[in-house]
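Numbering (the working numbering), first residue to last: 331 to 487. Here a beta-carbon is modelled for each residue, glycine too, at the ideal position from N, C-alpha and C. Since the model is a prediction, treat every value here as computed from it, not as a measurement. What follows is a short report on a single structure.
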């Protein structure tokens, strides 16, 4: 059976309805329209009863690369695919998508990567303004999993 080719934020096609078929973003693309990506993610999250996880970061950032690798790990990726629609937003050298980031998180206090969880209606559930992921190089996958489990739909905040 052919597999469907999907963008990171698209809804699964009828041929690819299992959670494992959902693609995750791979790095940060400065050419993407982050605002449109978030809107599309909110629509997908509403249909699929998931949350939206926005990852503000940059490809030059070592901690962002470490977090991205953890997102693709065997421990974390299944949680993301089950409970979240993930959007990676490039902030460049803190000169790209800053207006969008400031709507959700204070990058001056959080550093990058900064994570934001939104309900499908766009309501902010949490933002890592405490910089909890800015030192991702010192974290392990269990800490990322704990955050994702806490803020998953129906999670205990």
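DSSP places residue 446 in no alpha helix (DSSP H) but in the uninterrupted beta strand (DSSP E) bounded by 444–448. It is roughly 30 Å from the alpha-carbon of residue 432 to the alpha-carbon of residue 405. Judged by DSSP in its simplified three-state form, residue 429 adopts helix.
For residue 354, the CB contacts under 7 Å within the same chain, skipping 5 residues up- and downstream, are 338, 401, 402, 407, 410, 416 in chain order. The continuous alpha helix (DSSP H) containing residue 480 extends over residues 471–481. Residue 372 is not a Cβ neighbour of residue 478, given a cutoff of 9 Å. Look at residue 353 here: in three-state DSSP terms it is coil, with no helix or strand label. Excluding sequence positions up to five before and after residue 472, its CB lies within less than 8 Å of the CB of 405, all in the same chain and listed in chain order. Residue 394 and residue 385 have their C-alpha atoms roughly 9 Å apart.
Closest in alpha carbon position to residue 365, among 481, 451, 429, 445, is 429. According to DSSP, residue 454 shares a beta bridge with 448. Going by DSSP, residue 398 is part of the alpha helix (DSSP H) stretching over 392–401.
Excluding residues up to 5 positions away in sequence, 357, 358 lie with their Cβ nearer than 7 Å to the Cβ of residue 389 in the same chain. The beta carbon of residue 420 lies closer than 8 Å to those of 358, 359, 360, 362, 364, 387, 388, 389, 426, 427 in the same chain, with the five residues before and after it left out.
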